[in-house]
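Scroll down for the structure; my scribbles are underneath it.
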Amino acid sequence: MNKATLQLSPPNEPRTFGFYLDGAYVAAGDRELATRNSPGHGVPVTKTVKCTGDDVDAAVASARAAFEDRRWSGLGGAERAAVLLKTAEILRERAEEVAYWETLENGKPISQARAEVAGCVGMFEYASGLARSLHGDSFNNLGDGMFGIVTREPVGVVGVITPWNFPFLILCERVPYILASGNTMVAKPSEVTSVTTLMLAEIMTQAGLPDGVFNVVTGSGRSVGQALIDHMDVDMLSFTGSTAIGRAVVEAAGKSNFKKLGLELGGKNPQIVFADADLEDAADGVAFGIGFNTGQCCVSGSRLIVERSVADRFSQMVADKFAKVVVGDPLDEATQVGAITTDTQNDTIMGYIAKGQDEGARLVHGGEQLDFGRGQYIAPTLFADVTRDMAIAREEIFGPVLAVMPFDTVDEAIEIANDTEYGLAASVWTKNIDKALQVSRRVRAGRFWVNTTLSGGPELPIGGMKQSGWGREAGVYGVEEYTQVKSVHIEIGKRDPWIA
Ligand code: NAD
């Protein structure tokens, strides 16, 4: 499908997908199907299989067999890199198709989905280099009788569980790095946004990935996800989602085989704006930071911590930006903010907006559901007079709702920023280098932006401090997470005997 011929409307009939095992789709057979309605249009667009516990076992067994016979880990880095590069090439060719289905299931604007797929191509290209450059260490300083080497080995069978907000991007921030180091995998996408994960499996088979290296099981978190985190034969699990389910993942690992974990969880991320910032630029950045992906980003800048002397003026500048943002049909090229991904999330966001008003915050902009005749949409919303104890200042809303809190000193700005159980991301807006550096050093967050927000790419790692998670994804740090090190001691010559 190319851009010119793309029919930018939902399909007439929902498309049915099997799950992916051993290099091929498996049809539903007598398993139940889940129907997904497009959140932007309210019509059914896809049907996916509700996999069973036996299907999870079969997928793990497939990944285990592929790992043990070394059909992937036994290849040279150059051969693995070739498959990752070919994946990037095919993904580039099929980008329009992937972006279309991502938009239909998730509700994000098509222009944004396209940009995300382009970013995913970059992840595969970058990780292909890592497949060739990944290496260990050596110790030539152990005396004439001993040589030490440290090797990096793949962890084994890796399970990946992803959320619905960036189904394809989050997947591609993990998969190429997991595969670069020689692991095999089972992916479990969110039950509401599964099909682009299945498409990636198909693309990788097309690119020459050996069968069984990448398997996909679809279905609910409660059954399929739980079976994966409990599984005794999964060596590592990368979980991205809510902090509550992250806790369940840690418990399951402790109760099963102590599988190694990577956790990327929630956030309540501060945007700190000093009076000396380029306020026009900052207002645009702050509006983007909470409006992008309808605020359904783990790294959304949902707390605006702004110097008191400009607080009212700056809040109004952000509200003016909100008024100009184009909210609407995700398949419309001009749309900047699309639909809310699920009914439940829509209710959660509207619930927080009501709570903010009940708790005495002042609604400056938005606060209402937008009616386009179909789908579910919420206007970008700004609350002033927010205090640190209010729910809208403390809890992750995962929607386009910004809570404004003023500060007077640098120390106070940092204290408010750190007054959260989370530590995922933060931004500072100032033209003063000293303030920028002080704040970036002292705010506890895994990602930090100065005079920008939400930027990223394959080179820099992603991850959180505090209750936002464990470990890092992407970059060299990301690929290393999916390896384990082995130390090898090699005796040179004859060893000193123990028994005389
Ligand atoms: P969620 O935790 O409800 O679900 C995430 C995934 O876990 C889904 O695939 C789901 O099916 C699965 N799951 C649910 N229950 C499970 C269980 N008992 N066992 C195993 N798997 C289970 O999260 P969500 O609603 O899909 O996504 C929103 C949350 O994800 C937000 O809190 C957000 O901050 C977080 N998130 C974090 C990042 C990050 O990188 N830190 C990125 C995106 C989203």
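Convert by adding 180 to the 1-based position in the sequence shown; the result is the number in my numbering. Backbone N, C-alpha and C define an ideal beta-carbon position, used for all residues, glycine too. Just so we're clear, the structure is a prediction, and the values are computed from it rather than from any experiment.
In this structure, what does DSSP give as the bridge partners for residue i?
| i | result |
| --- | --- |
| Arg624 | In DSSP, Arg624 forms no bridge with anything. |
| Asp317 | Val330 |
| Ile558 | Gln549 |
| Trp650 | Leu443 |
| Asn395 | Val366 |
| Leu484 | Gln451, Val584 |
| Leu543 | Phe563 |
| Thr632 | Looking at the DSSP assignment, Thr632 forms no beta bridge with any residue, so it has no partner. |
| Arg272 | According to DSSP, Arg272 bridges with nothing at all. |
| Tyr662 | Tyr662 pairs with nothing; no bridge assigned. |
| Lys435 | Per DSSP, none; premise fails for Lys435. |
Work out the CA separation of residue j and residue i for me, nearest whole Å.
| i | j | result |
| --- | --- | --- |
| Ser635 | Gly471 | 14 angstroms |
| Ala307 | Ala204 | 24 angstroms |
| Thr423 | Cys477 | 14 angstroms |
| Glu601 | Ser482 | 14 angstroms |
| Asn286 | Ala457 | 35 angstroms |
| Asn182 | Asp509 | Any reading at Asn182 must be qualified, since the residue scores a pLDDT of 40, below 50, and its modelled position is unreliable; the value itself is stated next. Those two C-alpha atoms are separated by around 20 angstroms. |
| Arg272 | Ala381 | 15 angstroms |
| Asn217 | Gly209 | 22 angstroms |
| Leu186 | Lys615 | Residue placement at Leu186 cannot be trusted, given a pLDDT of 43 that sits under 50; the coordinates are not used to answer. |
| Asn321 | Gly328 | 8 angstroms |
| Val301 | Arg488 | 43 angstroms |
| Ala184 | Phe628 | For Ala184, the predicted model reports a pLDDT of 41, less than 50, meaning its position is unreliable and no value from the coordinates is stated. |
| Val506 | Lys435 | 48 angstroms |
| Trp678 | Ile594 | 60 angstroms |
| Val665 | Gly644 | 23 angstroms |
| Val206 | Gln386 | 16 angstroms |
| Val375 | Val414 | 23 angstroms |
| Phe563 | Ala534 | 11 angstroms |
| Ile613 | Arg675 | 59 angstroms |
| Trp281 | Arg554 | 18 angstroms |
| Val429 | Glu671 | 42 angstroms |
| Val581 | Gly546 | 9 angstroms |
| Lys611 | Val486 | 14 angstroms |
Grab the span of the alpha helix (DSSP H) containing residue i for me, first residue to last.
| i | result |
| --- | --- |
| Thr376 | 375-386 |
| Gln406 | 406-410 |
| Phe502 | 491-504 |
| Glu592 | 590-598 |
| Ser242 | 233-248 |
| Ala467 | 459-471 |
Provide the residue span of the beta strand (DSSP E) that contains residue i, from first to last.
| i | result |
| --- | --- |
| Asn286 | That residue, Asn286, is in no beta strand (DSSP E); its alpha helix (DSSP H) goes 275-286. |
| Gly339 | 337-341 |
| Ser136 | In the structure as shown, the chain begins at 181 and stops at 680. Residue 136 is therefore absent and cannot be evaluated. |
| Gly214 | The sequence shown places Ala at residue 214, rather than the Gly named in the question. Note, Ala214: beta strand (DSSP E), 213-217. |
| Met585 | 581-587 |
| Ile533 | First-last for Ile533: 523-538, but that is the alpha helix (DSSP H), not the beta strand (DSSP E). |
| Pro347 | Taken as a continuous stretch (DSSP letters only), Pro347 belongs to no beta strand (DSSP E), being part of the alpha helix (DSSP H) at 347-352. |
Measuring only from the beta carbon, is residue i closer than 8 angstroms to any heavy atom that is part of ligand 1?
| i | result |
| --- | --- |
| Pro224 | no |
| Ala424 | yes |
| Ser482 | no |
| Cys478 | yes |
| Glu371 | yes |
| Glu296 | no |
| Asn395 | no |
| Trp609 | no |
| Lys368 | yes |
| Asn321 | no |
| Arg652 | no |
| Phe419 | yes |
| Ser648 | yes |
| Val429 | yes |
| Ala519 | no |
| Trp344 | yes |
| Gln525 | yes |
| Ile572 | no |
| Gly644 | yes |
| Ala207 | no |
| Ile594 | no |
| Ile470 | no |
| Gly655 | no |
Ligand 3 and residue i: does any heavy atom of the ligand fall closer than 8 angstroms to the residue's C-beta?
| i | result |
| --- | --- |
| Gly401 | This structure does not include ligand 3; its bound ligands are ligand 1. |
- Query: Can you find at least 3 beta carbon pairs, one from the stretch 646-666 and one from the stretch 436-453, that sit closer than 8 angstroms?
  - Reply: yes
- Message: Would you call the stretch 334-341 in contact with the stretch 281-298, where contact means no fewer than 3 C-beta pairs closer than 8 angstroms?
- Response: no
- Message: With three or more C-beta pairs closer than 8 angstroms as the rule, is the stretch 264-280 touching the stretch 221-233?
- Response: no
- Would you say the stretch 248-261 touches the stretch 401-410, given that touching needs at least three Cβ pairs under 8 angstroms? no
- So, do the stretch 482-502 and the stretch 532-540 have three or more beta carbon pairs nearer to each other than 8 angstroms? no
- Query: Touch check for the stretch 448-457 and the stretch 541-551: three-plus C-beta pairs under 8 angstroms?
  - Reply: no
- Message: With three or more beta-carbon pairs closer than 8 angstroms as the criterion, would you say the stretch 358-370 touches the stretch 392-404?
- Response: yes
- At a cut of 8 angstroms, does the stretch 615-625 reach the stretch 564-580 through at least three beta carbon pairs? no
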